[in-house]
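Quick note, the working numbering runs 945 ahead of the 1-based positions in the sequence shown.
From the three backbone atoms N, C-alpha and C, an ideal C-beta is built for every residue, glycine too.
Values in this document were obtained by computation on a predicted structure and should not be read as measured data.
One structure is given below, encoded as structure tokens.
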Amino acid sequence: MRNVVKRILGTIPVLIGVVLLIFIMLRIIPGDPAAMLLGEHVDQATIDRLTEVMGLNRSLPAQFFGYLAGAVRGDLGVSYKYGRPVTEMILEAFPYTVVLALMAAVFAWLLGMAAGVVSAIHQNTLADRLFMGTSLMGVSMPIFMTALLLQYFLAFKVKLFPLTLNGTFASMILPAVALGWNSAGSIARMTRSSLLEVMQADFVDTARAKGLGKRAVILGHALKNAMLPVITMMALQFSSMLSGAVITESIFAIPGIGRLATTAIQNRDMPVLQGTVLFTTVLVIAGNLAADLLYSVLDPRIRKEA
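The following block contains the structure:
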């Protein structure tokens, strides 16, 4: 429990640093947000009034500490473009990102672990090379390339799936595959290497001495121990999927957190962009913390050292 509290307290400076960094970056970009929102042919008096309403006439330290105080209370400001609370907009978009990340994670975990186990059982065979070559391609190929290829062949040419989100389950399959393909390759390679390493352990030799076959040894004895680093990677990947679905959501027109952030960039809607960045940072930190705690629960050696 003490270690958990220490880790949580250690995230506070990280969050403050992220808020400060995005605050500074948005303020040094050329252009006046009020003038951009009002458009052309607007007199300076109107721009000054909107600047005051938006609170941009205050000093930068006052703006920063005011935003920080509001963020602690869950108030992430009001959108310049839509005039709505940023927290409300994020909570509306978050369910779409959660569903996408869950479907992508399930796809990546099932495919990755299955491919890794098969490759380990059939080490140095054609099946092993085929699975590892495919996983290497998945790790190497950018998400946007995977998404565009899936859209072109399976949605545009073959018409098996909808091209963009239309409210059906089928329309979420291609985005989930595009987002999870890279993670599936990483899990497959990690599962294979971890299994082959565990196969050199003494308890595996004991199982072999009892007359068990290779598959029985792997599935019945080695797999459970080999899954420890894989499960940790899976927890980290899920948090990164929640926070990193920007490209996928943009390509498939999914109104999630990622698309909300890209729209905020286009509109220079600073409160929305700050809110989405802070929210996704919290998700990544929570994922890292969950992965550490999960590893200590699964591995008694780590728990004993802690």
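Host alpha helix (DSSP H) of L1021 (start-end): Here residue 1021 refers to the residue found at position 76 of the sequence shown. First-last for L1021: undefined, no H or E at that position.
Where N1069 falls, given that 16 or more other Cβ within 10 Å makes a residue buried: Within the sequence shown, residue 1069 is the residue found at index 124, counting from 1. Burial call: exposed.
Same chain, Cβ closer than 6 Å to T1109, five either side skipped, listed in chain order: Here residue 1109 refers to the residue found at position 164 when the sequence shown is read from its first residue. Here T1109 has F1197 and A1198 as same chain residues with Cβ atoms under 6 Å from its own Cβ, once five neighbours each way along the sequence are excluded.
One or two residues paired with P1030 in a DSSP bridge: Here residue 1030 corresponds to residue number 85 of the sequence shown, with the count starting at 1. According to DSSP, which records beta bridges pairwise, P1030 is partnered with V1023.
Endpoints, the alpha helix (DSSP H) within which N1170 is located: On the sequence shown, residue 1170 is found 225 positions in, with the first residue counted as 1. L1168 to S1188 is the span of the alpha helix (DSSP H), which, as asked, contains N1170.
Three-pair Cβ contact test at 8 Å for the region 1146-1166 versus the region 1052-1061: The answer is no - the region 1052-1061 does not touch the region 1146-1166, with fewer than three Cβ pairs under 8 Å.
As assigned by DSSP and simplified to three states, the class of F1197: Position 252 of the sequence shown holds residue 1197. Here F1197 sits in coil by DSSP.
Alpha-carbon spacing of Y1097 relative to T1091, whole angstroms: Taking the first residue of the sequence shown as 1, we reach residue 1097 at position 152. Taking the first residue of the sequence shown as 1, we reach residue 1091 at position 146. Near 10 Å, if we compare the C-alpha coordinates of T1091 and Y1097.
Touch test, the region 1174-1186 against the region 1223-1242, Cβ-Cβ under 8 Å, three pairs minimum: Yes: at least three Cβ pairs fall under 8 Å.
Short Cβ contact (7 Å threshold) for I1192 with F1089: Start at 1 with the first residue of the sequence shown, and residue 1192 comes out as number 247. Start at 1 with the first residue of the sequence shown, and residue 1089 comes out as number 144. In this structure, F1089 lies closer than 7 Å to I1192 by Cβ.
Cβ contact check for the region 1017-1030 and the region 1202-1220: 3 or more pairs under 8 Å: Yes, the region 1017-1030 is in contact with the region 1202-1220.
Where D1214 falls: helix, strand or coil (DSSP): Here residue 1214 is taken as the residue at index 269 of the sequence shown, counted from 1. Look at D1214 here: in three-state DSSP terms it is coil, with no helix or strand label.
Coil, strand or helix - A1072 by DSSP: Counting from one through the sequence shown, the residue named residue 1072 turns up at place 127. Of the three classes helix, strand and coil, the one that applies to A1072 here is helix, per DSSP.
CB contact flag (R1134, S1185, <7 Å): Numbered from its first residue, the sequence shown carries residue 1134 at position 189. Numbered from its first residue, the sequence shown carries residue 1185 at position 240. The answer is no: Cβ separation not under 7 Å.
Buried/exposed call for P1120, threshold 16 Cβ in 10 Å: Residue mapping note: residue 1120 aligns to position 175 of the sequence shown, counting from 1. By the neighbour-count definition (other C-beta atoms within 10 Å, threshold 16), P1120 is a buried residue.
Segment contact flag, the region 1047-1056 with the region 1110-1129, C-beta cutoff 8 Å, min 3 pairs: A contact exists between the region 1047-1056 and the region 1110-1129.
Reference A1167; option with closest CA among G1125, M1144, T1207 and D1150: Residue numbering aside, residue 1167 sits at position 222 when the sequence shown is read from its first letter. Checking every option, the nearest Cα to that of A1167 belongs to M1144.
Presumed contact (8 Å Cβ cut-off) between L983 and L995, rounded CB distance: Here the question's residue 983 lines up with position 38 in the sequence shown. Here the question's residue 995 lines up with position 50 in the sequence shown. About 6 Å separates the Cβ atoms of L983 and L995, confirming a contact at the 8 Å cut-off.
A1038: CB within 6 Å of a non-hydrogen atom of the ligand MN: Inclusion of the ligand MN in the displayed structure is not the case, the ligand content being empty and no account of it being possible.
Residue from T1226, V964 and T1221 whose Cα sits closest to the Cα of P1030: Stepping through the sequence shown from its first residue, residue 1030 is reached at position 85. For the set T1226, V964 and T1221, the Cα lying nearest the Cα of P1030 is the one of T1221.
DSSP three-state assignment for Q1145, whether helix, strand or coil: By 1-based counting over the sequence shown, the position of residue 1145 is 200. Three-state result, Q1145: coil.
F1009 and F968 closer than 7 Å at C-beta: Position 64 of the sequence shown, counting from 1, holds the residue named residue 1009. Position 23 of the sequence shown, counting from 1, holds the residue named residue 968. At the C-beta level, F1009 and F968 come within 7 Å of one another.
Best match in A1231, T956, Y1041 and M1172 for proximity to G1112 [C-alpha to C-alpha]: Start at 1 with the first residue of the sequence shown, and residue 1112 comes out as number 167. Looking at the Cα atoms, Y1041 is the closest of the given residues.
Proximal residues to A1038 (C-beta, below 8 Å), its chain only, five neighbours per side dropped: Residue numbering aside, residue 1038 sits at position 93 when the sequence shown is read from its first letter. Excluding five sequence positions before and after A1038, the CB atoms of its chain that fall closer than 8 Å to its own CB belong to P1200, G1201, I1202, R1204 and L1205, given in chain order.
Simplified DSSP state of K1104, which is helix, strand or coil: Residue 1104 sits at position 159 when you count from the first residue of the sequence shown. In the three-state DSSP reduction, K1104 falls in the coil class, being neither helix nor strand.
Length of the line joining the Cα atoms of T1032 and G1019: For this step, residue 1032 is matched to residue 87 along the sequence shown. For this step, residue 1019 is matched to residue 74 along the sequence shown. Whole-angstrom Cα-Cα distance: 7 Å.
Beta carbon of A1231 nearer than 7 Å to that of G1125: As a first step, residue 1231 is located in the sequence shown; it is residue number 286 there, counting from the start. As a first step, residue 1125 is located in the sequence shown; it is residue number 180 there, counting from the start. Taking a C-beta distance under 7 Å as the contact criterion, A1231 and G1125 do not qualify as a contact pair.
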